[in-house]
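If you're matching positions, the sequence shown starts at 1 in UniProt numbering and goes up one per residue. Glycine is no exception: its CB is placed at the ideal position from the N, C-alpha and C atoms.
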Amino acid sequence: MFTGIVEELGKVVSIEPAGTTGESLLLTLRGPLVSSDAGHGDSISVNGVCLTVVGRGEDTFTADVMKESLDRSSLGGLSVGSEVNLERAARVDGRLGGHIVQGHVDGTSRLLSRNPGDNWDVLRFSLPAELSPYVVEKGSITVDGTSLTVSAVSAPGADEEFFEVSLIPETLRATTLGGLPAGATVNIEVDVVAKYVERIASVAASRPRA
1 MFTGIVEELG
11 KVVSIEPAGT
21 TGESLLLTLR
31 GPLVSSDAGH
41 GDSISVNGVC
51 LTVVGRGEDT
61 FTADVMKESL
71 DRSSLGGLSV
81 GSEVNLERAA
91 RVDGRLGGHI
101 VQGHVDGTSR
111 LLSRNPGDNW
121 DVLRFSLPAE
131 LSPYVVEKGS
141 ITVDGTSLTV
151 SAVSAPGADE
161 EFFEVSLIPE
171 TLRATTLGGL
181 PAGATVNIEV
191 DVVAKYVERI
201 ASVAASRPRA
């Protein structure tokens, strides 16, 4: 489990095929902070995807990326030198600075536009129709592993569904979102609480009334 508070910007050091089918990858990333105490089997969020550490170097760590993760996220589009957002798993005795983030990507989105302001940038992202019910104004969403507050969302049934987030200078500086170009693909994870509420409501509605 994570909080969506990015600890450092890392870089992809190498990408190698893993296994005999070539459908998975072995990803090595440089991140001095997150790798400083990383142990075999630890979880680290890479652009919002929970990956398991299988090796560690002086200031690097290596993780397997299975086909499921490649199919559901943007990790397959990384190249050597790509910057990524990194966060170690949350400590149970720490403060929850963001929100509950599982590192289980629900889908990908595309940056439609960015509108720079005096002290913040407003970024508009596409919103997949299947995830639209879980995104609400002032609610939480994770974009490439970064916990953000939704500042605006398109009206139900809009021709182009979208959500917006307003990024303060610290977020622009400390994450990959600061230099994200229009058209770029990002990983998004909706608030897990919304998904549980939907499930509970649907099960309750399906039960016969006494």
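Can you tell me where the beta strand (DSSP E) holding residue i begins and where it ends?
i      : result
Leu167 : 162-167
Ile188 : 185-190
Leu180 : Note, Leu180: premise wrong, no beta strand (DSSP E); not H, not E.
Arg88  : 83-88
Can you tell me where the alpha helix (DSSP H) holding residue i begins and where it ends?
i      : result
Ile100 : Note, Ile100: premise wrong, no alpha helix (DSSP H); not H, not E.
Asn35  : In the sequence as displayed, the identity of residue 35 is Ser instead of Asn. Its alpha helix (DSSP H) spans residues 32-35.
Less than 8 Å between the CB atoms is what I'm expecting for residue i and residue j, so what's the real figure, rounded?
i      : j      : result
Gly4   : Ser147 : 2 Å
Gly31  : Phe61  : 7 Å
Val153 : Glu130 : Incorrect: roughly 15 Å between the Cβ atoms, too far for contact.
Val53  : Leu29  : With 8 Å as the limit, Val53 and Leu29 do not qualify as a contact, their Cβ atoms being about 10 Å apart.
Ser14  : Val122 : Not quite, the Cβ-Cβ distance comes to about 36 Å (not below 8 Å), so this is no contact.
Ala18  : Leu26  : 4 Å
Tyr134 : Asp71  : That belief does not hold up - the Cβ atoms of Tyr134 and Asp71 are roughly 20 Å apart, past 8 Å.
Ser132 : Glu164 : Between Glu164 and Ser132 the Cβ distance is about 14 Å, and since that is not below 8 Å, they are no contact.
In the DSSP assignment, what residue or residues form a beta bridge with residue i?
i      : result
Arg114 : Leu123
Ala18  : Ser24
Val12  : Leu29
Gly107 : Ile188
Is residue i near the ligand FMN, going by C-beta to nearest heavy atom under 7 Å?
i      : result
Thr146 : Ligands in the displayed structure: none, and consequently the ligand FMN is not present.
Notebook entry, point to check: Which whole runs of the beta strand (DSSP E) in the stretch 127-158 are 3 residues long or more, in chain order?
Noted result: 140-143, 146-153
Next item on the list: Mind listing, in chain order, the continuous beta strand (DSSP E) runs of no fewer than 3 residues lying wholly within the stretch 42-80?
Entry: 43-46, 49-56, 60-65
Notebook entry, point to check: Is there contact between the stretch 30-45 and the stretch 78-88, where contact requires at least three CB pairs shorter than 8 Å?
Noted result: yes
Note to self: Taking 8 Å as the cut-off, does the stretch 106-115 touch the stretch 172-187 (at least 3 CB pairs, one atom from each stretch)?
What the structure shows: The stretch 172-187, when compared against the stretch 106-115, does touch it at the 8 Å Cβ threshold.
Next item on the list: Please determine if the stretch 170-179 and the stretch 189-198 are in contact, where contact requires at least 3 C-beta pairs separated by less than 8 Å.
Entry: no
Note to self: I want to know whether the stretch 42-56 touches the stretch 71-80 - three or more CB-CB distances under 8 Å.
What the structure shows: Three or more beta-carbon pairs drawn from the stretch 42-56 and the stretch 71-80 are found closer than 8 Å, and the two stretches are therefore classed as touching.
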